[in-house]
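Take 1243 as the starting number for the sequence shown in the working numbering and just add one per residue.
Note that the Cβ used here is the ideal one computed from N, Cα and C, for glycine as well.
Predicted, not measured: the structure shown is a model, and the values here were computed from it.
One structure is given here, and the rest of the page talks about it.
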Amino acid sequence: MERWHNKLAVVTGASGGIGAACARAMVGAGLRVVGLARREAKLKELRESLPAHLKENFIPRRCDVSKEDQVISSFDWIERELEGPDVLLNNAGITRETELVAPGNTQKLREVLDTNVMGVIWCTREAFQNMKRRGNEGHVLIINSIAGHQVLNFIDVLPSFNIYPATKFAITAITETYRQEFQLHAKNIRVTGICPGAVNTNIFPEEIHFYVKDMARLEPANIADAVLYAIQTPPHVQIHEITIKPMGEMF
């Protein structure tokens, strides 16, 4: 991790769960971290929870990644004030309780698509252009899901995950597209997709907590370990995808 010391990482969805765990781990490993999220108060709580000598290395900034204008303005600010990111962790992701066939669900479906897919595209585009201009080593990571490789079948016991698996299948394809495009335009910027199974976060809607309370799950810190592993590999090593499952997972 020595080559990343004092480098800048941007973590989306950093206000809780996997994002907060990854931000904490990166700061602990010597990086400076800009945490982006809609809940600015939660970002400030995270900063205050860090050891005193590390607080200044976590910079909270409110940003809803489903809004392109907010993404552009945030990355403009990051470039202007902090030179730009060396690492981008696309973590922000949501679900909404509905079904694809349900009437009047357009807003819910768009929220998931704009956060889980377009948010990744907008953040990666802005970060990549900055990395390329500066010419330094860069690394883009995307928190995907095992749902990006199979549509989880809960139809008999759980409400539908509707558009969520489709967004994660899109991320699987997008990650490979990034590998090819990065290779074409910049030889020193890598991309890694990380596909967890069930993780102990609040991404599950309240309506299904009864069904998943006894499910085998990972902890957010387990995903943070994978992120640190991926970025510390030698620059010529392409960790394209990591799949992480808890022991005893039902899928």
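Residue i versus residue j: straight-line alpha-carbon distance, rounded
i, j, result
"His1482", "Ile1336", "23 Å"
"Ala1193", "Ala1466", "Past the boundaries of the shown model lies residue 1193; the chain is included only from 1243 to 1493, so the question cannot be answered."
"Val1433", "Val1313", "20 Å"
"Pro1407", "Glu1418", "17 Å"
"His1247", "Gly1346", "49 Å"
"Ala1468", "Arg1245", "18 Å"
"Phe1411", "Ala1463", "24 Å"
"Met1492", "Met1457", "8 Å"
"Ala1334", "Glu1287", "18 Å"
"Ala1294", "Val1269", "12 Å"
"Lys1297", "Glu1341", "42 Å"
"Asn1444", "Gly1261", "12 Å"
Limits of the unbroken alpha helix (DSSP H) element including residue i
i, result
"Thr1366", "Gly1361 to Arg1376"
"Thr1348", "Thr1348 to Leu1355"
"Ile1260", "Gly1259 to Gly1270"
Counted within 10 angstroms of its Cβ, other Cβ atoms place residue i as buried (16 or more) or exposed
i, result
"Tyr1420", "buried"
"Trp1319", "exposed"
"Pro1476", "exposed"
"Asn1395", "exposed"
"Lys1249", "buried"
"Met1243", "exposed"
"His1381", "buried"
"Thr1409", "buried"
"Asp1311", "exposed"
"Thr1348", "exposed"
8 Å Cβ cutoff met for residue i and residue j
i, j, result
"Leu1460", "Ile1484", "no"
"Arg1281", "Ser1257", "yes"
"Thr1254", "Cys1365", "yes"
"Gly1435", "Asn1386", "yes"
"Phe1317", "Ala1265", "no"
"Ala1389", "Phe1403", "yes"
"Gly1326", "Arg1376", "yes"
Coil, strand or helix - residue i by DSSP
i, result
"Ile1499", "There is no way to answer for residue 1499, as the model of the chain reaches only from 1243 to 1493."
"Asn1395", "coil"
"Arg1280", "coil"
"Ile1405", "coil"
"Arg1322", "helix"
"Asn1332", "strand"
Limits of the beta strand (DSSP E) - the one that residue i falls within
i, result
"Glu1461", "No beta strand (DSSP E) holds Glu1461; DSSP gives it neither H nor E."
"Glu1483", "Glu1483 to Ile1486"
"Ala1251", "Leu1250 to Thr1254"
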